[in-house]
Amino acid sequence: MSDYIAYNSVEKWGDYEPREKFNFYSGKSESYLRGSIGCSVWVVVGTRTDKKTKYRLAGRYTPTKVLPRPSGGFNVIGSGEPFLPPVELTKLPWFSHLLRMQGNFSHGF
């Protein structure tokens, strides 16, 4: 079993509202996304102010299905646990390493 990161840039995709039901859009390949079914997906939200981005952990989810969207890409659907309020990650000592390791979240959803 693996862990995945789903990243939401507020600047590009708008606000992300953590809920118990998870529905996340991705343009990644269907086979990659299907590999996440039954795994943990950690949702990180980035909010840019001035020249810095503030990162928050919004929840942990378990996908149960991947559905194609008529306009392209896929919706990853499941349920889980929203973190209310989201957990601030930006200043944690290990976070910059995670960000580099994940290619600024390009390796996730």
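The letter at position 105 of the sequence shown is residue 105 when you use my numbering, and the numbering goes up by one with no holes. For every residue, glycine included, the Cβ atom is placed at its ideal position computed from N, Cα and C.
In this structure, the straight-line span from the alpha carbon of K65 to that of G78 is close to 7 Å. No Cβ-Cβ contact shorter than 9 Å links G108 with F83. Membership of R56 in the beta strand (DSSP E) is indicated by the continuous run 52–68. Cβ atoms of G46 and S9 come within 8 Å of each other, at about 5 Å. Distance from the CA of R56 to the CA of V87, rounded to the nearest whole angstrom, comes to 5 Å. Between F22 and G80, the gap from beta carbon to beta carbon is short of 9 Å. Within the model, the alpha-carbon separation for G35 versus K54 is close to 29 Å. Between T62 and G27 a beta carbon distance of about 21 Å is seen, past the 8 Å cut, so the two are scored as non-contacting.
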